[in-house]
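> Counting in the working numbering, the sequence shown runs from 625 upward without gaps.
Ideal Cβ positions, reconstructed from N, Cα and C, are used throughout, including at glycine.
Computed from a prediction, not measured in an experiment: that's the story for all the values here.
Take this structure, written in structure tokens, and hold onto it; I'll ask about it next.
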Amino acid sequence: MGWGSKIKRLASIAQQKGYAVDSIDYSDILDPDLRVERLLGVLGKTDEAFVLVGSSMGGYVSLVAAEQVSAQGVFLLAPALYIKGYQQQNYHPRGYVEVVHGWSDDVIPVDNSIRFANAVDCSLHLISGDHRLNSSIDVVESLFSQFLVSVDPH
């Protein structure tokens, strides 16, 4: 689990740019804040530079974790931000953040990403597509590739 079609496509781009890729399996954890704890546990074991990529609840998890670690960057796809019941409602990311959100998302309101990007002054890409962004995966891939160039320390 954890290797959906979207992450497989983005992982391929990251690998082509020399990144090692891992997708954490959270299938046994429904609580987003417990997922943050799992991610922090994994990241605490690495000495390598890394970026975080998250979609929907995974976007929340990546962003909240990024406040406690030194990620080179955070790439968020339709992140589940400002969701009732999620522990964290204010976000203070460290480092470079980009958000991609589909205009037709009926799961996470696009206004949530607009609010976040405005609050933290990060890049926001509003594109055609629904919550899964599968209809615009080529655009997502292009934006992700550009993101990796932006955060590359070399």
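State the Cα-Cα distance for the pair D655 and E765, rounded to the nearest angstrom.
So the two alpha carbons sit approximately 28 Å from each other.
> Given D730, which residues of its chain have a CB within under 8 Å of its CB, disregarding the five upstream and five downstream residues?
These residues qualify, in order along the chain: D754 and H755.
> Ignoring anything shorter than 4 residues, give me the alpha helix (DSSP H) runs that lie fully in the region 700-745, in order along the chain.
The qualifying runs are 734-744.
> Taking three-plus beta-carbon pairs below 8 Å as touching, is the region 692-702 in contact with the region 638-653?
Taking 8 Å as the limit for Cβ pairs, the verdict is that the region 638-653 does not touch the region 692-702.
> Tell me which residues share the same chain as S752 and place their Cβ nearer than 8 Å to its Cβ, disregarding the 5 neighbours each side in the sequence.
Cβ within range, chain order: G726, W727, S728, S759, S760 and V763.
> Under 8 Å between the Cβ atoms of K641 and L772?
Going by C-beta atoms, K641 is nearer than 8 Å to L772.
> What number of angstroms, rounded off, separates the C-alpha of L757 from the C-alpha of A673?
Computed Cα separation, rounded: 27 Å.
> State the start and end residues of the unbroken beta strand (DSSP E) segment that holds G678.
Taken as a continuous stretch (DSSP letters only), the beta strand (DSSP E) holding G678 covers V675 to S679.
> For the ligand ZN, any of its heavy atoms closer than 7 Å to the Cβ of L667?
Annotation note on the ligand ZN: not contained in the displayed structure, which lists no ligands.
> Thinking C-alpha only, which one of Q711, G682 and G709 is nearest V723?
Ranking the options by Cα distance to V723, first place goes to G682.
> State the Cα-Cα distance for the pair A638 and L676, rounded to the nearest angstrom.
Spanning the two alpha carbons is a distance of roughly 11 Å.
> Helix, strand or coil: how does DSSP classify G697 here?
It is a strand residue.
> Using the C-alpha atoms, what's the distance from I631 back to S747?
One C-alpha to the other measures close to 21 Å.
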